[in-house]
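Residue numbers (full-length UniProt numbering): 1 to 467.
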């Protein structure tokens, strides 16, 4: 029998919660083992935030060249070199990986990094099969933190597994520009990739079972965002149920879908599946530790991120709920404060800001109108078209609108910012919400001219009772 190696803490997964937790525990004198089956850094730096935003930057710059005539400059059709664009992305990803490896192995004493697959063999005991060695290692610790994230979920569609479809991860390494990219899924991944590849020059068709894009947003946000993308030439086929996928002799992919107007067949050169995520829990042998999961495989935790097994926590996307890097990082802070500082903070009532990095961006925080109505929350709503902002006219970025919800006590309940710099404007409103400022304080604040922030002076003059 393999003898157990004892640590003070074991972290499974080098994601946006696992890495900083390893640093904090090691700096507090704990002996930590961090196990990663793939690349250090988790989804964000390897196939999420960093690489996608690097590609989006190139796509937005290409669009700026094409539309330079709006600013009185000669418009230029850019030459898209996908190999060079991908190479730049790869350099940035590698830089992040090297930085994380240095932090884990050189900057913080007490961390043992193991590359391999981990599976439970008991409540607080793991068997680790190294990636490049034959002999497995048995590890045990009183504290175990699961941060294994998610992978792309594939819908149950006839023929889909056989056609060589792409995911948000594999598309990042595609060396050629698709002639016609079909996308299954009209949520933020589908929309970001859709606009990106349209601006690179591909024809793009986005298909979804829902009748509108970004199904959780208010209808006015959905309609405006879809219109902006349609104006760039993206085709939407919504309310469609794809029944079958096939690849022809010419290499083209065909989707056969039932739509509101009858059967449609959509042909494209490439297919991206962006219909959601599934937790990476199937091979962890959670049942041997007594760790419960829900029907979709997400690990069940309480508001302090504890599983039903003493000393075992789940952090980040693997526990379900909102799947964003900043939420994972806050999970780390909750656990760090509980384990190292004896402080209790929970996941309840924490803010949920997020940004869809289309252009214009969609920044969201707090309640939407739909949620306020569902919860019976009284509110007033103010909407400001972006073209009323001086900075928008000066920079030729007048698309979108800003919407804010205000409660009976004059404090902000939520906001949707579909605008250039939408994420930054949303963050200003989030700060006001955190400080419990009343809207007249923002309305009458002296803000520098001409800035995007000036929108806050005019936004609240349009408040009306909620419907």
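All residues carry an ideal CB built from backbone N, CA and C; glycine is no exception.
Remember, predicted model here, so these are calculated numbers, not experimental data.
Nearest-angstrom Cα separation, counted from residue j out to residue i
| i | j | result |
| --- | --- | --- |
| residue 308 | residue 291 | 6 Å |
| residue 81 | residue 257 | 33 Å |
| residue 9 | residue 318 | 19 Å |
| residue 278 | residue 450 | 45 Å |
| residue 328 | residue 30 | 22 Å |
| residue 499 | residue 389 | Residue 499 lies beyond the range of the chain shown here (1 to 467); nothing can be said about it. |
| residue 24 | residue 336 | 7 Å |
| residue 58 | residue 98 | 23 Å |
| residue 364 | residue 225 | 13 Å |
| residue 351 | residue 448 | 27 Å |
| residue 303 | residue 339 | 15 Å |
| residue 50 | residue 276 | 19 Å |
| residue 421 | residue 354 | 13 Å |
| residue 154 | residue 210 | 17 Å |
| residue 362 | residue 428 | 14 Å |
| residue 106 | residue 114 | 15 Å |
| residue 553 | residue 174 | What the structure shows of the chain is the stretch from 1 to 467, and residue 553 is not part of that stretch, so it cannot be assessed. |
| residue 132 | residue 201 | 42 Å |
| residue 55 | residue 171 | 11 Å |
| residue 418 | residue 393 | 15 Å |
| residue 234 | residue 180 | 11 Å |
| residue 482 | residue 79 | This structure does not reach residue 482, given that the chain is present from 1 up to 467, and the question cannot be answered. |
| residue 61 | residue 401 | 23 Å |
| residue 377 | residue 370 | 10 Å |
| residue 306 | residue 346 | 11 Å |
| residue 195 | residue 360 | 11 Å |
| residue 391 | residue 454 | 9 Å |
| residue 372 | residue 223 | 19 Å |
| residue 425 | residue 398 | 15 Å |
Strand pairing of residue i, partner residues [DSSP]
| i | result |
| --- | --- |
| residue 361 | 419 |
| residue 130 | 116 |
| residue 32 | 9 and 111 |
| residue 257 | 242 and 264 |
| residue 462 | Paired residues: none, contrary to the question. |
| residue 354 | 364 |
| residue 4 | 138 |
| residue 279 | 150 |
| residue 144 | 10 and 312 |
| residue 270 | 181 |
Cβ-Cβ distance between residue i and residue j below 8 Å
| i | j | result |
| --- | --- | --- |
| residue 182 | residue 63 | no |
| residue 207 | residue 197 | no |
| residue 384 | residue 431 | no |
| residue 125 | residue 4 | yes |
| residue 245 | residue 100 | no |
| residue 382 | residue 413 | no |
| residue 119 | residue 316 | no |
| residue 142 | residue 311 | yes |
| residue 416 | residue 221 | yes |
| residue 368 | residue 274 | no |
| residue 147 | residue 47 | no |
| residue 37 | residue 15 | no |
| residue 254 | residue 117 | no |
| residue 247 | residue 185 | no |
| residue 357 | residue 192 | yes |
| residue 95 | residue 19 | no |
| residue 252 | residue 268 | yes |
| residue 26 | residue 110 | yes |
Exposed unless 16 or more other CB atoms sit within 10 angstroms - verdict on residue i
| i | result |
| --- | --- |
| residue 287 | exposed |
| residue 22 | buried |
| residue 217 | buried |
| residue 87 | exposed |
| residue 445 | exposed |
| residue 465 | exposed |
| residue 161 | exposed |
| residue 379 | buried |
| residue 408 | exposed |
| residue 71 | exposed |
| residue 149 | buried |
| residue 13 | buried |
| residue 89 | buried |
| residue 74 | exposed |
| residue 331 | buried |
| Minimum length 3: unbroken beta strand (DSSP E) runs contained in the region 298-326 | Annotation note: the region 298-326 contains the following uninterrupted beta strand (DSSP E) runs of length 3 or greater, listed N- to C-terminal: 312-314.
| said: Suppose only complete runs of 4+ residues qualify. What are the alpha helix (DSSP H) ranges in the region 53-103, listed by chain order? | reply: Counting only runs of 4 or more, we get 82-102.
| said: As an exercise, report each continuous beta strand (DSSP E) stretch of at least 3 residues that is fully enclosed by the region 152-216, in chain order. | reply: Qualifying beta strand (DSSP E) stretches, in chain order: 180-184 and 203-208.
| Considering only residues of the region 215-252, which uninterrupted alpha helix (DSSP H) runs meet the minimum length of 4 residues and lie entirely inside it, listed in chain order? | You should have 219-231.
| query | Which ranges does the beta strand (DSSP E) cover as unbroken runs of at least 3 residues, wholly within the region 371-452, from first to last along the chain? | reply | 380-385, 401-406 and 412-419
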